[in-house]
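Chemist:
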Amino acid sequence: RLQSLFGIVGFYRCFETKKDLDEIKKIAIQFARQNLEENRGIEFKVDTRRIDKSLPFTNQQYSAQLGEAILDAIPELKVNVRQPQWTINLELRDKAYIYGFGYMGGKGLPVGSAGRGMLLLSGGIDSPVAGFLMAKRGLKLEAVYFNTPPYTSEESLQKVKDLAAILSPWNGGIKLHVVNFTEIQMLLNKSLPEETLTLHSRASMMKIAGKLAEFHSCAALITGESLSQVASQTLESLNYTNQAVSMAVFRPCIGLDKEEIIHFSKRIKAFETSIQPFDDCCTLFSPEHPLTRPKKTEMVTQYNQLELLPDMLEKAVNEAMSFIL
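Each residue of the sequence shown is one higher than the one before, counting from 213 in this note's numbering.
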């Protein structure tokens, strides 16, 4: 759990005992045996930090006595004070604390310390990584998924719930909002030029996500977009979808290539789930030749001509279902 907690750089499992040198030696020898059994190497040192200055020995004297006891018990070990393969640490405070090997925490900032954000979570590789990276910078996440039944299956929805569950430990729990996007996508499909459909769909998603974000006290949107990775992620395309909302939009994957994003996906154990072969709404009605260099003013004019759309967006927000994972 601590390894999945942002705001902690690292931590140790430590033994606590009274400040008795014989007791301390026994525990230090146990640590040394464990390091040897786990093939951490044979070269070690002892590092002492004495907070209680009333004790009879200096830091160096404590370290020397512990090192001697370890070598007597395990002769195959060697002392290397300059470049040890592992270290046994002794801290002498109100009691003696002995620790020998550490673990990496999540690093970053404590979740929630930087505010709240709404993640646009698809079933792909990129968006869970984007959520992870922003949680690492202290953003408490909620997530929104755009569902298009009957064109997408129950398995597609379950896949996204599974991805949200993978993010949950890093985020201290997560709430997933599921929006029915079918009616909106059908309206766009019959009313607008085919090559613009992906971009207008993205703009609609941004608007809905923005409304949900405001309602749930989130001050930013997070997406998994990477510059020029697909047609809807060119600079011109991003400029168009950006205008759909007035709040900040964070794109932590924007400068990463696919291999780098996959590296993070595997790190958080989301990759195998992300590549399950279930379509999401972004693949529906995908044009054969999508527009890659849209003119923002023309696109906004097209979009605003859809008189039924504002009410449909509002309905989608109001009817969103929420799951706590």
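We put the beta carbon where it would ideally sit given N, CA and C, even for glycine.
All values derive from a computational prediction rather than experimental measurement.
Tell me W298's beta-bridge partners as DSSP assigns them.
Modeler: DSSP lists F256 as partners of W298.
Chemist: Between Q273 and I263, what straight-line distance do the alpha-carbon atoms span, to the nearest angstrom?
Modeler: Spanning the two alpha carbons is a distance of roughly 14 Å.
Chemist: Can you give the beta carbon distance from K352 to S534, rounded, assuming they're within the 8 Å contact cut?
Modeler: No, K352 and S534 are not in contact; Cβ-Cβ is about 15 Å, not under 8 Å.
Chemist: Going by DSSP, what residue range makes up the alpha helix (DSSP H) through T229?
Modeler: No alpha helix (DSSP H) contains T229, which is instead part of the beta strand (DSSP E) from 222-229.
Chemist: Helix, strand or coil, according to DSSP, for L537 in the structure here?
Modeler: In this structure, L537 counts as coil in the three-state DSSP scheme.
Chemist: Less than 7 Å between the CB of L525 and some heavy atom of the ligand NAP, yes or no?
Modeler: The ligand NAP is not part of the structure shown, which contains no ligands of any sort.
Chemist: Are there three or more Cβ pairs, one per stretch, closer than 8 Å when the segment 385-402 is compared with the segment 362-376?
Modeler: The answer is yes - the segment 362-376 touches the segment 385-402, with three or more Cβ pairs under 8 Å.
Chemist: Residue range of the beta strand (DSSP E) that G327 falls in?
Modeler: G327 -> beta strand (DSSP E) spans 327-332.
Chemist: Any idea which residues DSSP pairs M346 with across the strands?
Modeler: According to DSSP, which records beta bridges pairwise, M346 is partnered with nothing at all.
Chemist: Is V293 helix, strand or coil when you go by DSSP?
Modeler: Three-state result, V293: coil.
Chemist: Closest to R259 by C-alpha separation, out of Q488, I300, Q277, R463, would be which residue?
Modeler: For clarity, residue 259 is Asp in the given sequence; the question names Arg instead. Comparing Cα positions, the closest option is I300.
Chemist: Hey, how far is the Cα of E541 from the Cα of M330?
Modeler: Examination of residue 541 is not possible in this model, given that the chain is present from 213 through 537 alone.
Chemist: Helix, strand or coil, according to DSSP, for Y515 in the structure here?
Modeler: Y515 falls in the helix class under three-state DSSP.
Chemist: List, from N- to C-terminal side, the alpha helix (DSSP H) runs of 4 residues or more that fit wholly inside the segment 404-463.
Modeler: Runs of the alpha helix (DSSP H) inside the segment 404-463: 409-427, 447-454.
Chemist: Can you give me the Cβ contacts of K237 inside the same chain, cut-off strictly under 7 Å, excluding the 5 residues immediately before and after it?
Modeler: Hits under 7 Å: L278, A281.
Chemist: Exposed or buried, which one is N516 when buried takes at least 16 other CB atoms within 10 Å?
Modeler: Exposed.
Chemist: What residue range does the beta strand (DSSP E) around K352 cover?
Modeler: Where K352 is concerned, the enclosing beta strand (DSSP E) stretches over 351-359.
Chemist: Where does K387 fall in DSSP's three states?
Modeler: K387: strand per DSSP, three-state reduction.
Chemist: Less than 8 Å between the C-beta atoms of H501 and E407, yes or no?
Modeler: A contact, by the Cβ cut-off of 8 Å.
Chemist: Going by C-alpha distance, which of F462, R479, A244 is nearest I337?
Modeler: Of the candidates F462, R479, A244, the one whose C-alpha sits nearest the C-alpha of I337 is R479.
Chemist: Only counting the same chain, and skipping five residues up and downstream in sequence, which positions put a Cβ closer than 6 Å to that of R463?
Modeler: Result list for R463: T435, E437, in chain order.
Chemist: Can you check DSSP and say which residues form a bridge with E314?
Modeler: Note that residue 314 is Gly in the sequence shown, not Glu. DSSP lists Y224 as partners of G314.
Chemist: If we ignore side chains and look at the alpha-carbon of each, how far apart do G350 and Q297 end up?
Modeler: So the two alpha carbons sit approximately 34 Å from each other.
Chemist: Per DSSP, which one or two residues make a beta bridge with E303?
Modeler: DSSP output for E303 lists R261, Y309 as bridge partner(s).
Chemist: Could you tell me if T229 is buried or exposed, where buried requires 16 or more neighbouring beta carbons within 10 angstroms of its beta carbon?
Modeler: Exposed: under 16 other Cβ atoms inside 10 Å.
Chemist: Check each candidate in Q445, L267, L217 and name the one with the smallest Cα separation from K348.
Modeler: Nearest C-alpha to K348: L217.
Chemist: Would V293 be called buried (16 or more neighbouring beta carbons within 10 Å of its own) or exposed?
Modeler: It counts as exposed.
Chemist: Out of S477, Q445, I220, state which residue places its alpha-carbon closest to the alpha-carbon of L321.
Modeler: Taking only the C-alpha atoms, the option nearest L321 is I220.
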